[in-house]
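Asks: Quick note: the sequence shown uses our numbering, first residue 796, plus one each step. What follows is a single structure, and I will ask about it in a moment.
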Amino acid sequence: MFAPTVLKGEVAVITGGGSGLGYAIARDFVALGADVIITSRSADRLAAAESRMVGETGRMCGSVPCDVRDDDDVQRLHDYVLARSGPATIVVNNAAANFFMRAERMTRRALDTVIDTDLNGTFNVTRAFVPAMLKDRRGAILNITLPLPELGFPGFAHCGAAKAAIVSLTATWAYEWGPHGVRVNAIAPGPVPTEGVAAHMLATDATTQAFVDTTDDVPLRRLGNPSDISAAAVFLCSPLAGWITGQNLVVDGGLYLNVGATPGVL
């Protein structure tokens, strides 16, 4: 769908790139010419992803374990990327924590776990790499959010709150950094059954059934797949989107148009 060199010359950092949507984005970036560095808290997951990447694209990516909540880890990530590839020109903030928990049962620890990974992690990683982008007057930052987080996310209040805040950060950063040549956008994926979704979101019979039932509410009549999201990521991080910033692009098969869709299954 894209020219095979559309991302040639780009240095891309993708958090949570060892599996799921993060891996799909990394794979397509590598295939389209980018020098990609993926992160995960699990070294084993990264090793498996690197091996899979070579098998699927014929090209290697770099990787480094990183907990995006930890300032020292993020600094090590920055230093690794700079020494290996030079300044990052693309950052994809995909690392996230999520799990089902009713609001009345939610503890402060549960809230902090998700906020610290999703929101603070996005801030930490972006803040580490954006100074060089501002200096060089080029760069693209892509955040992963939710469709219409302001409508709430029943069963996942911590995630909904974090993603709504990231939407706000996306707009603020786009406004402040646009004059310096740095674009900031977000993708809001709809229902895409990945291994992370299966492990953490489809944790009960009720949420699993709701997810499956969502297909009937999607105008395009199917659930998404990781390639649907990675194609949007390629577009937004490439020169093709050179005059697009501050957007939260909903990629959900049109589900957001259906006001009768099952609440929270976005």
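Built from N, CA and C at the ideal position, the CB exists for glycine as well.
What separation, rounded to the nearest whole angstrom, lies between the Cα atoms of Pro-799 and Asn-888?
Replies: 24 angstroms
Asks: Taking the alpha carbon of Leu-943 as the reference point, which residue from Val-808, Leu-1052 and Asp-823 has its own alpha carbon closest?
Replies: Leu-1052
Asks: Can you name the residues that DSSP bridges to Asn-1020?
Replies: Bridge partners of Asn-1020: none, in fact.
Asks: Within the continuous beta strand (DSSP E) that includes Ser-858, where are the two ends?
Replies: 857-860
Asks: Does the separation of the CB atoms of Gly-857 and Ser-835 fall below 8 angstroms?
Replies: Contact flag unset, no.
Asks: For Arg-879, which of Asp-862, Asp-913, Ala-838 and Asp-830 has the nearest alpha-carbon?
Replies: Asp-830
Asks: Report yes or no: do the stretch 863-871 and the stretch 904-919 share at least 3 C-beta pairs separated by less than 8 angstroms?
Replies: yes
Asks: Assuming Gly-950 and Phe-895 are in contact, meaning their beta carbons sit under 8 angstroms apart, how far apart are those beta carbons, in whole angstroms?
Replies: 5 angstroms
Asks: Please report the straight-line C-alpha distance between Val-1060 and Phe-948, rounded to a whole angstrom.
Replies: Low local confidence applies: a pLDDT of 39 at Val-1060 is under 50, so the model's placement there is unreliable, and no value is given.
Asks: Just the C-alpha distance for Ala-890 and Gly-817, rounded to the nearest angstrom, thanks.
Replies: 8 angstroms
Asks: Starting from the Cα of Gly-1037, find the closest Cα among Leu-872, Phe-924, Ala-883 and Ala-969 and give me that residue.
Replies: Ala-969
Asks: Output the distance between the C-alpha atoms of Gly-955 and Val-808, rounded to the nearest integer angstrom.
Replies: 24 angstroms
Asks: Look at His-975 and Leu-937 and say whether their C-beta atoms are less than 8 angstroms apart.
Replies: no
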